Amino acid sequence: MSPTKKILIGLGVAVVLLVVVAALLGGGDEGLAVETSEARVRSITETVTAAGTVASEVEVVVSSDVSGEIVLLAVQEGDRVEAGQLLLRIRPDIYASQVEQAQTQVTAAQSGVGEARGSVAEAEQAVTQARADVAQATADRERAERAYKRQQDLFERDVVSAADLEAARGTFEVAQAAERSARERVGGAEARVATSRGRVRSAQAQAQGAQAQAREAGQQLAKTAIYAPITGTVTQLNVELGERIVGTAQMTGTELMRIARLDAMTMEIDVNENDVVRVATGDSARVEVDAYPDDPLGGSVVEIANSARIENVGTTQATTNFPVVVRLAAVGADAGGAGINERPRAPGPALRPGMSGTVDIYTRTVPNAVVVPIQAVTVRDFNEVERERRRQAEAAGEAIPDAPVPDGEDLRRVVFVVEDGTAVLREVETGISDDTHIEVRSGLTGGETVISGPFRLLRTEISDADAVRESDGAVVEEDE
């Protein structure tokens with residue numbers, strides 16, 4: 431045999447030996463490489479997370495009821511002001527002139543009232559005089575009537591002549607006419623009294639109108655000076671000295687500035703419709719403002735809107751959110767320390783309205799719960815599992831049940847527990863979850879080793895009774 435053949439034979443034997451050794455050494459790596467975690471018993475808290483913006487709990491928009499030029503601007507943006515402090519003044523000239531005109535009208539109207547009352551007094555005196563004249567005319571008529579009757583009686587007894595009787599009758603008729611005239615003068619005087627009183631009422635109404643105009647003019651003049659409605663900080667200043675503004679009492683005029691209380695801040699967040707049903711007023715929260723990631727704040731839910739905000743209406747991307755207001759507490763304060771009826775201390779960081787952040791609302795807590803990583807829980811079709819089990823039994827020559835497996839799906843939540851290097855399927859009932867773990871209400875008791883990855887393997891590939899082994903990158907949970 432040639433040396434070359436000997437070398438080739440030796441190399442072939444060596445290769446065979448290497449293959450055999452590799453096969454023997456590789457026998458311990460049989461099975462699917464999986465990541466595992468331990469099912470633990472601990473407290474778990476369900477959270478609802480949403481983003482939003484910081485806002486002042488009390489913010490007042492300052493606008494003007496009158497129009498004009500700003501002649502004094504006493505504050506700047508960022509200034510702290512006290513309630514009642516002068517903020518700015520609008521040129522008062524026009525409104526001062528209106529006040530003077532209104533006061534002049536009041537004086538004239540009051541003078542008219544005095545004149546009308548004088549007319550009433552004169553008319554009442556005329557009524558009195560007319561009534562006195564009536565009384566005198568009545569007395570004269572009665573005397574003339576008695577004289578006429580007496581002359582008539584004497585004429586019937588032929589004591590006086592017909593001329594005397596006619597004279598007495600004429601005197602009586604004159605007295606009657608005088609009485610009628612006096613009574614007519616009383617009616618005329620009383621009518622003048624009523625007319626004069628009407629003029630008094632009209633003059634009084636004019637005077638009241640003039641006084642109302644004067645008051646309104648005075649109020650308009652007073653509104654040229656604008657004062658702070660609350661104690662707070664000027665967070666937004668929209669005008670400059672010398673600028674002309676539009677003011678109206680019936681609708682919003684020029685927005686001059688905004689004053690907010692920066693010692694009472696809130697975070698308004700948009701919570702999805704699927705999560706808002708789990709949120710309740712008074713729930714505690716943890717707030718992380720983007721500008722201060724190292725200074726988390728406590729808080730509590732104080733308001734949940736009943737009306738939704740719907741974006742992209744009528745499209746497949748439509749989303750329905752509900753505004754939720756969270757009151758902020760001070761830095762380091764307990765999340766549950768800012769009750770809905772409490773007024774929290776000012777947060778430590780210099781928060782400004784409009785800052786963005788994230789809120790974790792703690793909705794429910796379950797103590798002593800069995801928890802596993804969220805990714806460890808998957809879904810299986812139990813009808814398909816039963817079909818696969820029957821196929822394997824039939825291939826192994828084992829008997830299978832006669833009852834058919836339903837055609838539909840029977841989806842259930844499961845975990846895979848590692849027992850002696852084998853994946854064992856366990857049906858579970860789940861409860862609440864936090865960011866990383868989920869509560870298992872039934873199916874596990876705690877202490878089991880569950881398969882938590884890889885995701886693709888858990889999702890579709892792994893089955894009951896598959897051989898498994900821990901991969902080099904298996905996840906090992908640390909004590910919490």
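Each residue of the sequence shown is one higher than the one before, counting from 431 in our numbering. We treat Cβ as the ideally placed atom computed from N, Cα and C, and that holds for glycine. All of these numbers come straight from a predicted model, not from anything done at the bench.
* Asked: Can you list, in chain order, the stretches of the beta strand (DSSP E) that have 3 or more residues and sit fully within the stretch 796–855?
  -> Entirely contained in the stretch 796–855, the beta strand (DSSP E) runs reaching 3 residues are, in chain order, 808–811 and 841–849.
* Give the range of the alpha helix (DSSP H) segment to which glutamate 609 is assigned. => For glutamate 609, the uninterrupted alpha helix (DSSP H) segment begins and ends at 592–652.
* **CB of threonine 568 within 7 Å of CB of glutamate 609, strictly** => In this structure, glutamate 609 lies closer than 7 Å to threonine 568 by Cβ.
* From Glu859, Gly784 and Asn751, residue whose alpha carbon lies closest to that of isoleucine 740 -> The shortest C-alpha separation from isoleucine 740 is found at Asn751.
* **Residues near alanine 539 by beta carbon distance below 6 Å, same chain, minus five either side** => Gln636, Ala637 and Ala640, listed in sequence order.
* Would you kindly report the start and end of the unbroken beta strand (DSSP E) that includes serine 714? => Per DSSP, serine 714 is one residue of the beta strand (DSSP E) stretching across 714–719.
* Backbone secondary structure at arginine 571 - three-state DSSP -> When secondary structure is reduced to three states using DSSP, arginine 571 falls in the helix class.
* Rounded to whole angstroms, what's the CA-CA distance from glycine 677 to methionine 697? Just pull it up for me. => Put simply, the backbone Cα of glycine 677 is about 32 Å away from that of methionine 697.
* Asked: In three-state DSSP terms, what is glutamine 666?
  -> Here glutamine 666 sits in strand by DSSP.
* Completely contained beta strand (DSSP E) runs for the stretch 471–545, where each covers 3 or more residues -> For the stretch 471–545, whole beta strand (DSSP E) runs of length 3 or above, ordered along the chain, are 489–493, 498–503 and 516–520.
* **Assigned secondary structure, tyrosine 722 (DSSP; H/G/I helix, E/B strand, else coil)** => In the three-state scheme derived from DSSP, where H, G and I count as helix and E and B as strand, tyrosine 722 is classed as coil.
* Kindly indicate the opening and closing residues of the beta strand (DSSP E) around asparagine 702. => Note, asparagine 702: beta strand (DSSP E), 695–702.
* To do: Using DSSP bridges, identify the partner residues of arginine 794.
  => DSSP output for arginine 794 lists Glu476 as bridge partner(s).
* To do: Provide the residue(s) that pair with arginine 758 in DSSP beta bridges, ordered along the chain.
  => According to the sequence shown, residue 758 is leucine rather than arginine. Bridge partners of leucine 758: Gly729.
* **Buried/exposed call for proline 723, threshold 16 Cβ in 10 Å** => Counting the other CB atoms within 10 Å of its CB gives proline 723 a total below 16, which places it among the exposed residues.
* Measuring alpha carbon to alpha carbon, tell me which of Ala652, Gly712 and Ala853 ends up nearest aspartate 523. => Of Ala652, Gly712 and Ala853, the smallest CA-CA separation from aspartate 523 is found for Ala652.
* Asked: Taking contact to mean at least 3 C-beta pairs separated by less than 8 Å, is the stretch 780–790 in contact with the stretch 466–473?
  -> Judged by Cβ distances under 8 Å, the stretch 780–790 makes no contact with the stretch 466–473, as fewer than three pairs qualify.
* What number of angstroms, rounded off, separates the C-alpha of tyrosine 657 from the C-alpha of valine 706? -> Answer to the nearest angstrom: the Cα atoms are 41 Å apart.
* Asked: With isoleucine 500 and histidine 867 assumed to form a contact (beta carbons below 8 Å), what rounded beta-carbon distance in angstroms separates them?
  -> With a Cβ gap of about 60 Å, isoleucine 500 and histidine 867 do not count as contacting.
* Excluding five sequence neighbours on each side, which residues of the same chain lie with their C-beta closer than 6 Å to the C-beta of arginine 510? -> Cβ neighbours of arginine 510 beyond the five flanking positions: Thr663.
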